[in-house]
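Going down the list, the protein sequences come from chains A and B. Residue numbers 1003 to 1118, in my numbering, belong to the letters of the first sequence in order. Residue numbers 860 to 972, in my numbering, belong to the letters of the second sequence in order. Virtual Cβ for every residue (Gly too), placed ideally from N, Cα, C. Nothing here was measured: the structure is a model prediction, and the numbers come from that model. Contents: one structure, followed by commentary.
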Amino acid sequence: AQKVTQAQTEISVVEKEDVTLDCVYETRDTTYYLFWYKQPPSGELVFLIRRNSFDEQNEISGRYSWNFQKSTSSFNFTITASQVVDSAVYFCALSGEAGGSYIPTFGRGTSLIVHP
Amino acid sequence: SQTIHQWPATLVQPVGSPLSLECTVEGTSNPNLYWYRQAAGRGLQLLFYSVGIGQISSEVPQNLSASRPQDRQFILSSKKLLLSDSGFYLCAWSFRDRYNEQFFGPGTRLTVL
Chain A
1003 AQKVTQAQTE
1013 ISVVEKEDVT
1023 LDCVYETRDT
1033 TYYLFWYKQP
1043 PSGELVFLIR
1053 RNSFDEQNEI
1063 SGRYSWNFQK
1073 STSSFNFTIT
1083 ASQVVDSAVY
1093 FCALSGEAGG
1103 SYIPTFGRGT
1113 SLIVHP
Chain B
860 SQTIHQWPAT
870 LVQPVGSPLS
880 LECTVEGTSN
890 PNLYWYRQAA
900 GRGLQLLFYS
910 VGIGQISSEV
920 PQNLSASRPQ
930 DRQFILSSKK
940 LLLSDSGFYL
950 CAWSFRDRYN
960 EQFFGPGTRL
970 TVL
C-alpha cells in the first residue's frame, strides 16, 4: 500500500513571507511519481508538477520550488515571497504500482492562507 | 490543447431523487477518466475510474454508479440520492500511459436536502 501524509492542516502567513508545505510519502515501489496540485477557492484542482522517483533534482518555477529527497521520502513545496493569490489548498499525490498505477494516492491537503 | 467540461456547476436535489452528472473531454483520445468526491474537510475520495469505453472500476461501494458511453464522456449517476451524497464532485482525466498527472474539471457542487 502507499500513503501520502501532509501533516500541516492549515498554514497562515503574511504576504511576502516564504512558506514550505510538507509532503511525506510511503511506498514499496522503486518506480513512482509524485505530484503537487493547487485548489483555489473556485474549486478546480490545478496540476503544478510531476516528479519521478529517479530524478531527485530540485525544481524551480518562478516563486515555486520543490525539494525531492528520497532519503527522507519527502517532496516539499516552497513558495517564495507569498502572495494573496497563493491562498489555496495544496495537495501532494503519489502514483505507483502498489496503488494501481493509474490511481494516485492523495494527501489530505494543506490549506494556505496568505494575508495582505 | 485539451479541455474538460463538467456540468452542472451547482445542483440542489431532494433526498430520493435521481442524479446525473456529466463530464466530457476534448482534444485527446483514449483518456483515463475519474470521478472524485470532496466532502467538507478537503480530502479527495476516488469514486470511479475508467481506462476505456464500458470499463468502469468502483473504488467505494455506495449508491452511485458511473458509465462511459463514449470515449471522452463519463457520467456519474444515482437512482436515489442520500443526504450523505452532498459534496463537491470532480471529474478528471489523464493520458492513457501510467503515472500521469490528472487534469480536473471545474466541479459540481451537489446539495441534497
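Select from A:Ala1003, A:Val1016 and A:Tyr1092 the residue whose C-alpha is nearest the C-alpha of A:Pro1043. Selected option, being the one with the closest Cα: A:Tyr1092.
To the nearest angstrom, report how far apart A:Tyr1034 and B:Pro873 are at their CA atoms. Spanning the two alpha carbons is a distance of roughly 43 Å.
What's the gap between the Cα of B:Gly964 and the Cα of A:Gly1109? For B:Gly964 and A:Gly1109, the distance between alpha carbons rounds to 19 Å.
Let me know if B:Arg931 comes out buried or exposed under the rule of 16 or more other beta-carbons within 10 Å of its beta-carbon. buried
Can you tell me which of the three DSSP states A:Val1086 falls into? helix
Counting only C-beta atoms, is B:Leu880 closer than 8 Å to chain A at any point? no
Which class does A:Glu1099 belong to by DSSP, given the choice of helix, strand or coil? Here A:Glu1099 sits in helix by DSSP.
Using C-beta distances below 6 Å, list every residue in its chain close to A:Pro1118, excluding the 5 sequence neighbours before and after it, in chain order. These residues qualify, in order along the chain: Glu1017 and Val1086.
For B:Phe963, which beta-bridge partners are listed by DSSP? B:Ala951
For chain A, check one thing: does any of its Cβ atoms lie closer than 8 Å to the Cβ of B:Asn891? Yes, contact with chain A.
Range of the contiguous beta strand (DSSP E) that encloses A:Val1015: Glu1012 to Val1016 is the extent of the beta strand (DSSP E) around A:Val1015.
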